[in-house]
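First residue of the sequence shown? That's 1 in full-length UniProt numbering, and the numbers climb one at a time after it.
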Amino acid sequence: MLKIRFQRVGRKNDPAFRIVVTERRSKPKSGGVELLGSFHPKTKETRLEVERIRYWLSQGAEASPRVHNLLVTKDVIQGPKIPVGRKTAPVAGTSAASALPEGASPAA
1 MLKIRFQRVG
11 RKNDPAFRIV
21 VTERRSKPKS
31 GGVELLGSFH
41 PKTKETRLEV
51 ERIRYWLSQG
61 AEASPRVHNL
71 LVTKDVIQGP
81 KIPVGRKTAP
91 VAGTSAASAL
101 PEGASPAA
């Protein structure tokens, strides 16, 4: 299955992203099938190959949530934005006992 996703390029503390079509299971730094554009978050500069993006979406490629939101913002595709947030570490205050089903006692 193909995905349209960001591939990070640029320098440390100066991110830039390529928008590429790649296999879903491939590594982020792998070559990709086709380069579809670029995005610079600091300057908000965006370059998109709109026709090629629409072609790959018509062929069944899925956009990652962040790329989907960028495409909605730039009016390449229609639809609502997908809520995207950072992954959080488990809270230190939660115990393993709270994860047990009701009536089960923790092994001592």
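Glycine is no exception: its CB is placed at the ideal position from the N, C-alpha and C atoms.
Where does the unbroken alpha helix (DSSP H) through residue i begin, and where does it stop?
i: ILE53; result: 50-58
i: VAL67; result: 65-73
Hey, could you find the ends of the beta strand (DSSP E) residue i is sitting in?
i: ARG8; result: 2-11
Between the Cα of residue i and the Cα atoms of the options, which residue gives the shortest distance?
i: LEU70; options: LYS87, ALA61, LYS44; result: LYS44
i: VAL21; options: LYS12, GLY60, LYS87; result: GLY60
i: residue 167; options: ALA16, ARG5, GLU34; result: Residue 167 is absent from the structure shown; the chain starts at 1 and stops at 108.
i: SER30; options: ASP14, ARG8, ASP75, SER64; result: ARG8
i: ALA66; options: GLY85, TYR55, GLU49, TRP56; result: Here residue 66 turns out to be Arg, not Ala, going by the sequence shown. Closest option to ARG66, Cα to Cα, is GLY85.
Should residue i be labelled buried (16 or more other beta-carbon atoms within 10 Å of its own) or exposed?
i: GLY37; result: buried
i: ILE53; result: buried
i: ILE19; result: buried
i: LYS3; result: buried
Kindly list the residues whose CB is nearer than 7 Å to the CB of residue i, restricted to its own chain and excluding five residues on each side of it in sequence; keep chain order.
i: PRO41; result: PRO15
i: ARG47; result: GLY37, SER38
### Query
Which runs of the beta strand (DSSP E), 3 residues or longer, sit entirely within the region 14-44?
14-23, 34-40
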